[in-house]
DNA sequence: GCGTAATGACTACATCTGTAGTCTGAACCT
DNA sequence: AGGTTCAGACTACAGATGTAGTCATTACGC
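So, in structure tokens, the structure goes:
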């Protein structure tokens, strides 16, 4: 289960989560279970969507195995079946594989060159490097 | 001009370069100008494509403004109009924006946690950090 | 000069994605 | 019990993407 493409990832599926679907997942990673209406309250204004869109995306995510449903009266409560950290890790690695031949340092170099690193980032990365060397 | 999505990037277009298109761009970043046949020699076996596929992708990239053509007899020589480093930088930043709220350190943390960093990567990152602090 | 082959132009079709509309039935409310 | 509303199920459609086929023209080779 990965986003936006066609590479095999997990759970026997070849689907990825698209950008729009990801927005829905984010809402549910932040707080779940939620109903479709609640998800819409969270994302519709910000994304300019209406309920039909959210319902479609939810249904697709269920079909992809990314969400599970619990009946709650006449509606469903939606819950993620994949962890955000897993998804984020997969997407990160995919980018590194695709654009940097699997090596993280060139990615880092690009971010550094484009001033995408704050002082805080740098401090934190240094800390992580120290831990890595243990 | 960015890949796989719908966000505005440069040259007045809203198109992104898809995965398949990216493979074609990679061939031309490595060596250009090239004819369609030459590109196919480079990518067709590895990707399991045939000439019509390559020709379509080339035409789409031209339409997207990512490639330019020089007539050479009855065929074109294709040349990238965007630099690999620009594209790679854009995609890197996009991932960071999308999944990490614009902060690079969490991305780094994810890669580190998933053992995506080699000793060489670490050494190189440390070197880059030293330069950044100058 | 003639025949051939290469290649761009154009088309095809399936799938995915983005966004939304319609309908029906059952839960909900009075 | 009856009326209403909500939400899932289903549909729609456009654009993007992946992969490939067909055709016509002209460059190329002999």
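Chains as they are written, first to last, in this note's numbering: chain A, 1065 to 1198; chain B, 1065 to 1198. Backbone N, C-alpha and C fix where the C-beta goes; we use that ideal spot for every residue, glycine too. From a predicted model like this one, the values you see are computed outputs, not experimental measurements.
- Item | Where the stretch 1139–1160 of chain A meets chain B: residues whose CB sits under 7 Å from a CB there | 1152, 1153, 1155, 1156, 1157, 1159 and 1160
- Task: Identify each residue in the stretch 1174–1193 of chain A for which the Cβ-Cβ distance to at least one residue of chain B is less than 8 Å, and report them in chain order.
- Result: 1174, 1175, 1176, 1177, 1178, 1180, 1181, 1182, 1184, 1185, 1186, 1188, 1189, 1190, 1192 and 1193
- Could you tell me whether the Cβ of residue 1131 of chain A comes closer than 8 Å to any Cβ of chain B? Not an interface residue.
- Item | 6 Å Cβ shell around residue 1127 of chain A - same chain, five flanking residues per side excluded | Excluding positions up to five away in sequence, the list is empty.
- Message: Between B:1110, B:1111 and B:1118, which has its C-alpha nearest residue 1103 of chain B's C-alpha?
- Response: B:1118
- Query: In the DSSP assignment, what residue or residues form a beta bridge with residue 1142 of chain A?
  - Reply: Looking at the DSSP assignment, residue 1142 of chain A forms a beta bridge with A:1098 and A:1133.
- Under 8 Å by Cβ, that's how I've got residue 1185 of chain B and residue 1168 of chain A pegged, so tell me the actual separation to the nearest angstrom. 5 Å
- Answer yes if the stretch 1104–1117 of chain A comes into contact with the stretch 1156–1163 of chain A, meaning at least three C-beta pairs across the two stretches below 8 Å, and no otherwise. no
- Any idea if residue 1070 of chain A is buried or exposed, counting beta-carbon neighbours within 10 angstroms, 16 or more meaning buried? Residue confidence for residue 1070 of chain A is low, a pLDDT of 36 falling below 50, so the modelled location carries little weight and cannot support an answer.
- Item | Beta-carbon separation (whole angstroms), residue 1145 of chain A vs residue 1131 of chain A, contact threshold 8 Å | 6 Å
- Item | Of the listed residues A:1124, A:1149 and A:1138, nearest to residue 1082 of chain A (C-alpha basis) | A:1124
- Task: Determine, using beta carbons only, whether residue 1142 of chain B and residue 1096 of chain B come nearer to each other than 8 Å.
- Result: Cβ atoms of residue 1142 of chain B and residue 1096 of chain B: closer than 8 Å.
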